[in-house]
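Participant: Here it is, the structure in full.
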Amino acid sequence: MITILRFLRGYIDLAISGSLPETFLNIMTNSGISVWNIKSREGVIYCRTLVPNYRYICRLSRRKNVRVRVRHKHGVPFFLYRNKKRVGIFIGTVCFVLIFTILSKFIWYVDIYGNENISYSRARKTMEDLGVYEGAYKEFGSLRDLQNKALMLFGDVSWITINTEGSTAEVKITEAAEESRDDKEKHYNIMAKCGGQIIRADVQKGMPYVSAGDAVTEGSLLIGGFVQTDSGSTILDTAQGTIWAKTEHSERIALPKQKVYHAYEDSFVTRQNADLFGLKLPLEMKCLSPDMQKMSFYTESSLDFKGKTAPVSLIKEHIFYIDTNREEIAEELAEREFTAEMSLLELFSYSDKKITDRNIARSVDDDYFYYDIKYSCEEDIGQRDEILFDEDPSY
0 MITILRFLRG
10 YIDLAISGSL
20 PETFLNIMTN
30 SGISVWNIKS
40 REGVIYCRTL
50 VPNYRYICRL
60 SRRKNVRVRV
70 RHKHGVPFFL
80 YRNKKRVGIF
90 IGTVCFVLIF
100 TILSKFIWYV
110 DIYGNENISY
120 SRARKTMEDL
130 GVYEGAYKEF
140 GSLRDLQNKA
150 LMLFGDVSWI
160 TINTEGSTAE
170 VKITEAAEES
180 RDDKEKHYNI
190 MAKCGGQIIR
200 ADVQKGMPYV
210 SAGDAVTEGS
220 LLIGGFVQTD
230 SGSTILDTAQ
240 GTIWAKTEHS
250 ERIALPKQKV
260 YHAYEDSFVT
270 RQNADLFGLK
280 LPLEMKCLSP
290 DMQKMSFYTE
300 SSLDFKGKTA
310 PVSLIKEHIF
320 YIDTNREEIA
330 EELAEREFTA
340 EMSLLELFSY
350 SDKKITDRNI
360 ARSVDDDYFY
370 YDIKYSCEED
380 IGQRDEILFD
390 EDPSY
């Protein structure tokens, strides 16, 4: 900081020679004159001092029979004096200060953090809708009102803090905690997640509503979440048990008669663009073939300054040409692909079911092979459903 102040005021390099220059230096310091970078070489003392001290040093040197010579001049006053006829420098300086002042009134970096379950893209889009984005005017009005609007838009957060520091807007998201009510305080029925015919009902707790041979539909009550006491009263509890039933499910697998292959060519085109304060400027103008399919990949490198990302970046667009080929699929190959697709379907969608039978119906049209599968299964069709009460009934 001291160096900057000295540069703004201007300072000079002095060479002090003559009789007893060391004594003269002591007289200077005792008189309150600030000197630094003191060196002595071959009877001459070199030092630095501020410009306003020079006249007093000259008067003092004539009385003490010492010669004082200015070797170098530094600082803003000398720069302005040397360039006083160069009007362009002063105009440029004024324009720089004005532009810097104007740009400091805008947001050039938005730092969003604290979001774990909320995606960054959603958080960024929501803040853009509220007017917080790169290039936005920094005077948002009341930050409290902005935070309340953000809470309403997100809906699933407990608090949002928005602060501005310089040209950076910091958005801290505090996500809502999960339900605080303990699961032990809840009570559940067991309902049917799909229709079927009951095979057996293994009830550990609760009131059974079905037995072997009954037919049920989706949403039917299987086990009630309450028990009957010896005194005849009914109390709430959580239903527990397994309800096995015969079920049927239908699936359709469609395979195209033509398979499309995309191949990337070895050569690609790279174009560079600059992103300056949210304005994208092309740096290269390369012509592309209009007849071929293309796919682009982007890489962006931003300018960082002391851990802060500046609103200036270089964007490279890598453009690959795609060659498209089509191949007719024979029925034998379609059968093999269907077998593989069916295996994956049963692995991921029917792993919790016992498949007792499957019927496959095949059909075809101009574009697709169709395979309709009807599964007969045995599975546990029960699922928990919380018992809810109206805390303030209107009756």
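Mapped onto numbering that gives the first Met the number 0, the consecutive letters of the sequence shown carry residue numbers 0 to 394. Ideal Cβ placement from N, Cα and C applies to all residues, glycine included. Nothing here was measured: the structure is a model prediction, and the numbers come from that model.
(1) Please classify methionine 0 as buried or exposed, where buried requires at least 16 neighbouring CB atoms within 10 angstroms.
(2) Measure the Cβ-Cβ separation of isoleucine 222 and valine 202 and say whether it is below 7 Å.
(3) At 4 residues or longer, and completely inside the segment 322 to 381: list those alpha helix (DSSP H) runs for me, N to C.
(4) Could you tell me which of Asn188, Glu247, Lys258 and Thr163 sits nearest to threonine 323, measuring between CA atoms?
(5) Can you find at least 3 beta carbon pairs, one from the segment 117 to 137 and one from the segment 70 to 81, that sit closer than 8 Å?
(6) Could you check which residue in Leu275, Glu327, Met190 and Glu217 has the C-alpha nearest to that of glutamine 382?
(7) Going by C-alpha distance, which of Phe225, Val226, Cys193 and Leu152 is nearest lysine 245?
(8) For aspartate 213, write down the residues that DSSP places opposite it in a beta bridge.
(9) Arginine 5 to tryptophan 35, Cα distance in whole Å?
(10) Leaving out the 5 sequence neighbours to the left and right, which residues in its chain are closer than 8 Å to aspartate 365 when beta-carbon positions are compared?
(11) Tell me arginine 85's beta-bridge partners as DSSP assigns them.
(12) Does phenylalanine 402 pass the burial test, meaning 16 or more other C-beta atoms within 10 Å, or should it be called exposed?
(13) Where do the N-terminal and C-terminal ends of the alpha helix (DSSP H) with methionine 126 fall, by residue?
(14) To the nearest angstrom, how far is it from the Cα of leucine 7 to the Cα of cysteine 94?
(15) If you count every other CB in all the chains shown that lies within 10 Å of the CB of proline 51, and 16 or more means buried, which is it?
(16) Just curious, the beta strand (DSSP E) that proline 281 is in, first and last residue?
Facilitator: According to the structure data:
(1) exposed
(2) yes
(3) 330 to 348
(4) Lys258
(5) no
(6) Met190
(7) Cys193
(8) None; aspartate 213 has no bridge partner.
(9) 11 Å
(10) Lys256
(11) In the DSSP output, where bridge partners are listed per residue, arginine 85 has none listed.
(12) Nothing about residue 402 can be reported from this structure: the residues present for the chain run from 0 to 394 only.
(13) 119 to 128
(14) 20 Å
(15) exposed
(16) 278 to 281
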